[in-house]
Amino acid sequence: MTDVAAPVDCTASILAVGSELLGTTRLDTNSLFLAGELLTMGVRVVRKACVGDDAGDLGAELRVALGRAPLLVASGGLGPTADDRTKEVLAALLGRPLVRDEAILSRLRERFRRRGIEMPKVNEKQADVIEGAVVLANPRGSAPGFLVEAAGKTVVLLPGVPDELKAMWVEDAGPRLARVYGTTGYHRRTLKVGGLPESVVEERVEPVYAAHPDCPITILAAGGEVQLQFAVRGTPEEAGAALDRIERDFRKALGSDVFGRNDETLEGVVGDLLRARGLTLALAESCTGGLLAGRLTDVAGSSDYFLGSAVTYANAAKADLVGVSEETLERFGAVSEETAREMAFGARKRFGASVGVAVTGIAGPGGGSPEKPAGTVHLALDAADGTRGHRKLLMPGGRALVRRWTTSAALVMIRHYLMGRTEGGRK
9 MTDVAAPVDC TASILAVGSE LLGTTRLDTN SLFLAGELLT MGVRVVRKAC VGDDAGDLGA
69 ELRVALGRAP LLVASGGLGP TADDRTKEVL AALLGRPLVR DEAILSRLRE RFRRRGIEMP
129 KVNEKQADVI EGAVVLANPR GSAPGFLVEA AGKTVVLLPG VPDELKAMWV EDAGPRLARV
189 YGTTGYHRRT LKVGGLPESV VEERVEPVYA AHPDCPITIL AAGGEVQLQF AVRGTPEEAG
249 AALDRIERDF RKALGSDVFG RNDETLEGVV GDLLRARGLT LALAESCTGG LLAGRLTDVA
309 GSSDYFLGSA VTYANAAKAD LVGVSEETLE RFGAVSEETA REMAFGARKR FGASVGVAVT
369 GIAGPGGGSP EKPAGTVHLA LDAADGTRGH RKLLMPGGRA LVRRWTTSAA LVMIRHYLMG
429 RTEGGRK
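No gaps in the numbering here: position 427 of the sequence shown is 435 in the working numbering, and each next residue is one more.
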């Protein structure tokens with residue numbers, strides 16, 4: 009592979025194999041990962057497709073993909089069962105035999121032996137190699153991958169299990185292709201903004217678009233946040249410097265509303281701030297039903313700062329678990345600023361936390377009224393240092409969207425407090 013000259017046509021097709029991908033239970037995340045990796049090499053993806061396990065359908069898709077671009081990266085269909093046919097169909101298409109590799113077979117048997125299992129005979133087919141193919145090792149699974157070159161085309165076959173595919177790409181297939189295509193491709197960065205609508209972000213960053221007209225910039229609303237995605241072509245060093253300049257311009261326009269970049273999450277950033285300040289957090293949740301606690305505890309090490317959450321869905325739970333007074337509930341209702349403030353105070357006291365945060369609202373679609381329509385949410389924060397905060401939201405969308413956006417808004421409120429910004433409150 010190191011002696012192959014890079015083709016003039018730096019384009020690729022991606023093919024995801026598996027009948028399950030054509031239904032409603034499985035999402036093809038492998039193609040998203042591969043498209044990003046190829047873009048970094050300067051390889052433009054011109055076709056992506058999913059195909060089932062039928063040999064005829066698979067053969068037809070392979071022919072189309074090979075005719076469309078000089079590089080094809082396929083995932084899935086390398087397992088031991090009868091419906092895993094990718095390798096066999098490609099071999100037939102190329103007119104090459106499959107050869108049993110005794111070294112691979114020995115490794116497979118040893119893998120099963122270490123687990124105290126005798127290898128089933130069906131796994132033997134995973135040791136079959138297309139004649140002339142480069143074998144890509146799979147230390148995380150039983151299915152090896154393959155790199156095949158024929159008639160000016162390059163085909164990379166990868167397992168369908170995402171963890172196995174990513175490791176094989178990073179450790180073997182990707183470096184091999186990088187030696188051919190180079191690394192002067194597109195290098196990307198994502199900035200994440202919390203607490204602002206997409207239209208407000210767009211208005212504030214419009215001068216940045218004008219300052220960098222040659223840089224492709226995308227703005228996306230995603231799961232309670234706004235993302236700014238941008239890319240620069242060049243070597244990693246050249247692109248990194250250019251991306252830094254663009255990021256500085258975005259941060260100048262948006263200030264502290266930018267909470268992170270790339271893989272950073274709002275819950276992770278909030279956790280880091282709590283840990284750095286030596287503070288602890290407790291929650292009282294009504295309409296979100298524990299989703300906010302779930303996001304916080306998705307972060308490894310969250311026990312350093314997160315003490316617990318009371319899911320106070322019913323009024324009786326609000327009174328019994330976090331001490332909301334009957335008078336407040338009767339006079340103002342469960343969905344009110346007054347109730348949210350008492351919930352936050354009660355959560356902080358009950359768990360002995362530095363900060364208490366409460367969420368109460370109407371997620372919908374029913375349960376609303378003209379005064380309090382579905383999507384009405386109250387957030388409150390109560391801190392041991394005397395800080396009090398409140399925010400009222402009125403959000404459109406279905407139940408799932410309202411609940412997701414509510415958890416993001418609560419995390420933004422916590423982050424603002426930790427940065428010295430308090431919404432609708434006093435100290």
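Quick reminder that beta carbons are idealized off the backbone N, C-alpha and C, glycines included.
Residue environment, residue i, which counts as buried when at least 16 other CB atoms sit within 10 Å
i	result
Lys260	exposed
Arg2	It is not possible to answer for residue 2, since the shown part of the chain is limited to 9 through 435.
Leu125	According to the sequence provided, residue 125 is Ile. The question's Leu does not apply to it. With fewer than 16 Cβ atoms within 10 Å of its Cβ, Ile125 is classed as exposed.
Ser83	buried
Lys326	buried
Gly85	buried
Val178	exposed
Gly372	buried
Thr37	exposed
Lys95	buried
Ser207	exposed
Pro170	exposed
Thr48	buried
Val12	In this prediction, Val12 scores a pLDDT of 44, lower than 50, which makes its location untrustworthy; no coordinate-derived value is stated.
Asp393	exposed
Ala219	exposed
Met427	exposed
Leu40	exposed
Ser114	exposed
Asp92	buried
Gly232	buried
Met9	Residue placement at Met9 cannot be trusted, given a pLDDT of 43 that sits under 50; the coordinates are not used to answer.
Asp180	buried
Beta-carbon proximity check, residue i vs residue j, cutoff 7 angstroms
i	j	result
Met176	Asn146	yes
Val59	Glu69	yes
Lys133	Pro78	no
Ala348	Val365	no
Asp265	Val201	yes
Val164	Val81	yes
Ala73	Ser27	no
Thr443	Ala342	Any property of residue 443 remains undetermined from this structure, which presents the chain solely from 9 to 435.
Ala318	Val332	no
Asn323	Leu300	no
Thr296	Arg411	yes
Arg52	Thr19	yes
Gly67	Leu23	no
Where the beta strand (DSSP E) containing residue i begins and where it ends
i	result
Asp136	136-138
Ala290	289-293
Leu23	19-25
Gly364	363-369
Ile225	225-230
Leu80	79-83
Arg259	Segment 244-262 is the alpha helix (DSSP H) holding Arg259; no beta strand (DSSP E) there.
Opening and closing residue of the alpha helix (DSSP H) in which residue i lies
i	result
Arg411	407-426
Glu345	345-359
Glu272	Neither: Glu272 is in no alpha helix (DSSP H) and is coded neither H nor E.
Leu98	94-102
Arg121	110-122
Sufficient close CB pairs (3 or more, under 8 angstroms) joining the segment 105-122 to the segment 142-156: The segment 105-122, when compared against the segment 142-156, does touch it at the 8 angstroms Cβ threshold.
Sufficient close CB pairs (3 or more, under 8 angstroms) joining the segment 225-242 to the segment 197-204: Yes, since at least three Cβ pairs between the segment 225-242 and the segment 197-204 fall closer than 8 angstroms, the two stretches touch.
Segment contact flag, the segment 288-299 with the segment 227-237, C-beta cutoff 8 angstroms, min 3 pairs: Here the segment 288-299 makes no contact with the segment 227-237; the two share fewer than three CB pairs at distances below 8 angstroms.
Validate contact between the segment 304-312 and the segment 265-285 using beta carbons, cut 8 angstroms, 3 pairs: The segment 304-312 is in contact with the segment 265-285.
Inside the segment 278-326 only - beta strand (DSSP E) runs reaching at least 3 residues: Whole beta strand (DSSP E) segments, 3+ residues: 289-293, 314-319.
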